[in-house]
Amino acid sequence: MSLSRYGFEQKKDQSTNEFLIQEIRDNLSENQNLSATDKQKVFAAGKKIIDFYFGEHNKSAIAFVKDKISYTPVTSEKYDQMLGSQLSSLTSSMRLTLFLDKNNDLSMKNEYEKATEAFKANKDVSKLYDFVGKFNVKYPENDILKRATEMFMVKSMTEFGLNNFTYSGNADGYKIDGGKMSKDQFALAEFENPIDVYVQYNKQQKLINNKLAKLRNRIAKVADKITEATGTEKFVQKFTDGKKIADVEISTKKKIFEKKISDKLFGRVKE
Numbered sequence: 005m006s007l008s009r010y011g012f013e014q015k016k017d018q019s020t021n022e023f024l025i026q027e028i029r030d031n032l033s034e035n036q037n038l039s040a041t042d043k044q045k046v047f048a049a050g051k052k053i054i055d056f057y058f059g060e061h062n063k064s065a066i067a068f069v070k071d072k073i074s075y076t077p078v079t080s081e082k083y084d085q086m087l088g089s090q091l092s093s094l095t096s097s098m099r100l101t102l103f104l105d106k107n108n109d110l111s112m113k114n115e116y117e118k119a120t121e122a123f124k125a126n127k128d129v130s131k132l133y134d135f136v137g138k139f140n141v142k143y144p145e146n147d148i149l150k151r152a153t154e155m156f157m158v159k160s161m162t163e164f165g166l167n168n169f170t171y172s173g174n175a176d177g178y179k180i181d182g183g184k185m186s187k188d189q190f191a192l193a194e195f196e197n198p199i200d201v202y203v204q205y206n207k208q209q210k211l212i213n214n215k216l217a218k219l220r221n222r223i224a225k226v227a228d229k230i231t232e233a234t235g236t237e238k239f240v241q242k243f244t245d246g247k248k249i250a251d252v253e254i255s256t257k258k259k260i261f262e263k264k265i266s267d268k269l270f271g272r273v274k275e
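The opening residue of the sequence shown carries number 5 in this note's numbering; numbering runs sequentially from there.
Below, the structure written as structure tokens:
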């Protein structure tokens with residue numbers, strides 16, 4: 005982050021390594037205070053940092069640390085109370101009320117209010133569950149309750165299902181007493197960096213598009229010469245709105261067919 009500049013974004017076909025190398029070069033070229041020798045030293049030091057964290061063949065990894073704390077499983081009653089709290093929360097209440105008012109659905113609004121009152125009074129979730137069922141039947145396309153449920157599921161999973169997932173720090177990592185940890189205390193999961201996979205896909209796509217563009221241009225030029233030589237130029241231009249074949253925009257249907265040819269010629273690109 006220190007090596008990049010505000011307002012400059014990484015391109016879709018540019019790896020993080022390439023982006024940061026470009027950024028540090030641009031930073032140094034604009035710097036008027038450093039000598040040429042100092043700039044070389046700064047670049048060498050910066051490149052070491054970039055290559056260490058974003059090397060050409062580096063992979064990403066997540067460390068799973070064994071937790072020393074024992075957790076009590078969440079009971080079904082606790083689960084119901086948590087979901088009830090989410091469905092009767094201020095955010096859900098405001099969204100539902102606005103939606104029902106907009107649809108002039110007074111009966112469903114009253115039912116929701118009674119359900120939330122019952123839950124707040126004695127933690128009874130049965131009426132809320134009944135309301136959710138009726139609402140989903142009546143408004144199957146609406147996602148208000150779906151979003152509320154998704155938020156509840158994420159919160160439940162991070163708090164009770166993945167106890168090592170949340171961390172209340174500021175990206176400063178896991179603190180280890182003495183700076184060392186024995187091998188039996190943690191495990192590493194290694195995987196391809198998603199950003200690098202995305203960048204490679206875009207690079208391949210750009211390469212294929214360039215090859216196709218050149219191939220299309222060559223074919224179109226040959227076709228233009230043939231029409232001129234055979235005297236069929238006027239006939240062809242009638243169906244191309246007076247344009248030469250090389251200047252005619254390719255239709256979506258033809259592009260799909262062209263993509264199939266591309267897969268045969270250059271191999272299929274996996275998304």
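The C-beta atom is built at its ideal place from N, Cα and C for all residues, glycine as well.
Count the other CB atoms within 10 Å of the CB of residue i; is the residue buried (16 or more) or exposed (fewer)?
i: residue 50; result: buried
i: residue 120; result: buried
i: residue 10; result: exposed
i: residue 191; result: exposed
Please report how far the alpha carbon of residue i lies from the alpha carbon of residue j, in whole angstroms.
i: residue 168; j: residue 66; result: Note that residue 168 scores a pLDDT of 49, beneath 50, so its modelled location is shaky and nothing firm can be said.
i: residue 215; j: residue 58; result: 29 Å
i: residue 132; j: residue 72; result: 38 Å
i: residue 127; j: residue 105; result: 26 Å
i: residue 160; j: residue 113; result: 27 Å
i: residue 47; j: residue 197; result: 25 Å
i: residue 63; j: residue 213; result: 28 Å
i: residue 97; j: residue 91; result: 8 Å
i: residue 29; j: residue 200; result: 21 Å
i: residue 109; j: residue 150; result: 19 Å
i: residue 87; j: residue 206; result: 42 Å
i: residue 118; j: residue 101; result: 13 Å
i: residue 135; j: residue 162; result: 27 Å
i: residue 61; j: residue 33; result: 28 Å
Measuring CA to CA, which of the options is closest to residue i?
i: residue 209; options: 7, 16, 12, 8; result: 16
i: residue 157; options: 18, 21, 89; result: 89
i: residue 130; options: 110, 84, 25, 44; result: 84
i: residue 70; options: 150, 189, 204; result: 189
i: residue 55; options: 22, 162, 44; result: 22
i: residue 107; options: 20, 53, 142; result: 142
i: residue 99; options: 80, 146, 137; result: 146
i: residue 43; options: 31, 81, 225; result: 31
Can you tell me which of the three DSSP states residue i falls into?
i: residue 111; result: helix
i: residue 58; result: helix
i: residue 201; result: helix
i: residue 185; result: coil
i: residue 38; result: coil
i: residue 88; result: helix
i: residue 148; result: helix
i: residue 136; result: helix
Give me whichever residues DSSP pairs with residue i in a beta bridge.
i: residue 66; result: 193
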